[in-house]
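In numbering that gives the first Met the number 0, the protein residues as written are 0 to 305. Where a beta carbon is used, it is the ideal one built from N, C-alpha and C, also for glycine. So the structure is just underneath, and the comments pick up after that.
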Amino acid sequence: MNPSTAARALGIDFGTSNSTVGWWRPEVEPLIELEDGKITLPSVVFFNVEERRPVYGRQALGEYLEGYEGRLMRSLKSLLGSKLLKSETTVLGSALPFKDLLGLFIGQLKARGEAAAGQAFDAVVLGRPVFFVDDDPEADREAQDTLVQVANKLGFKEVSFQYEPIAAAFDYERCIQREELVLIVDIGGGTSDFSLVRLAPRPLQRLIGILACLCCLGYAGLFMVASYDWVKTLFVAGIGAEDLDHFGILQAYIAVVVPVGFGLVLLRYLEILVNLLRGRQLGLGLADEAAEASKLAGEEAGENRP
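What follows is the structure, encoded as structure tokens:
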């Protein structure tokens, strides 16, 4: 993502107790107000029998506490990875699959986010715990697949995921001034994750990478310039054995190897410098490496479990 432009994806943190929606824009608070000026929406649905409609969040809790007849459903995220997800319940006199119940609430998050943004989104980044279900890789995969299906049905063509503790690490990494080893504690209503992550300030990381590349480019360029006279002398002298003895085999070797070798070095560091200037590789900070490490660790843990 270009830091000077708005993100084209909506960010949704579907939580067990509360949920949030974010949209990154330059110099603007990314979290969107979802209800009564608040950035959180309680993950609650109340099916009001008297008015025959579902309501969400604080309004759902309010109507339930006021004594309206109906059915209150909360902790919806706990359905993910459970056997209940393949069954259904009855609300307002009709059968409702639990997967569709998730769609109702996540659809509300999408609708409120788009209304605040003033535009529609077809891409989403969903937060997820490191494991939805402990000691059951198949149920964990099924939980994520369910979210993908729900998101696709709601109109999201591109669906990606971010580990919730790594998302917290990204946020914290933006404000640090030096490299730190950080314990990220994500205590949720249904799952809790504890992650030890080494972080580094992004601007400093990017600056160091760019300066290192410039130094290497200058070093390689200097040697290429210095070898020019040797190369010129070599071609003037010719390649006969007597001429080579007179010129010096070592200098002849250097005259060939240095331009070729340092030419390749120049090309490689130019490539790295371009990537850094475009905000990739080292310029992204260590939280990216932590995200990839968490993903690999999760996959390995799933493979090694009985």
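- What residues in its chain sit with their C-beta under 6 Å from that of VAL90, if we drop five residues either side in the sequence? Cβ neighbours of VAL90 beyond the five flanking positions: PHE46 and ARG70.
- Assigned secondary structure, LEU78 (DSSP; H/G/I helix, E/B strand, else coil): Here LEU78 carries a helix assignment [DSSP, helix/strand/coil].
- Task: Note down the Cα distance separating ALA168 from ILE183, rounded to an integer number of angstroms.
- Result: Rounded to whole angstroms, ALA168 to ILE183 spans 7 Å at the Cα level.
- Among residues of its own chain, excluding the 5 on either side of GLY239, which ones have a beta-carbon nearer than 7 Å to its beta-carbon? At GLY239, the pLDDT of 47 sits below 50, so the modelled position is not reliable; the number obtained from the coordinates is stated separately. Same-chain partners within the cutoff: there are none.
- Straight-line gap, VAL149 to GLU157 (C-alpha atoms, nearest Å): In a straight line, the C-alpha of VAL149 is about 12 Å away from that of GLU157.
- Message: Using the three-state DSSP reduction, which class does GLU137 fall into: helix, strand or coil?
- Response: In this structure, GLU137 counts as helix in the three-state DSSP scheme.
- Between the beta-carbon of LYS37 and the beta-carbon of ARG57, is there less than 9 Å? The beta carbons of LYS37 and ARG57 sit closer together than 9 Å.
- How many whole angstroms separate the CB atoms of VAL147 and GLY10, which I take to be in contact at a CB cut-off of 8 Å? Contact annotation, VAL147 with GLY10: C-beta distance approximately 16 Å; criterion of less than 8 Å not satisfied.
- Task: Name, in chain order, the residues that DSSP records as bridge partners for ARG160.
- Result: For the record, residue 160 in the displayed sequence is Phe; it is not Arg. Looking at the DSSP assignment, PHE160 forms a beta bridge with LEU125.
- Query: Taking contact to mean at least 3 C-beta pairs separated by less than 8 Å, is the region 133-147 in contact with the region 61-81?
  - Reply: Counting Cβ pairs under 8 Å, three or more are found: they touch.
- Task: Throw me the rounded Cβ distance for the LEU100 and VAL44 pair, which I believe falls under 8 Å.
- Result: Going by Cβ atoms, the distance from LEU100 to VAL44 rounds to 7 Å, so yes, they are a contact pair.
- Message: Since LEU153 and GLY106 should fall inside the 8 Å C-beta cutoff, what is the C-beta to C-beta distance between them, to a whole number of angstroms?
- Response: With 8 Å as the limit, LEU153 and GLY106 qualify as a contact, their Cβ atoms being about 5 Å apart.
- What do you reckon, is the C-beta of LEU9 under 8 Å from a heavy atom of the ligand HEM? With respect to the ligand HEM, the structure offers nothing, as it holds no ligand at all.
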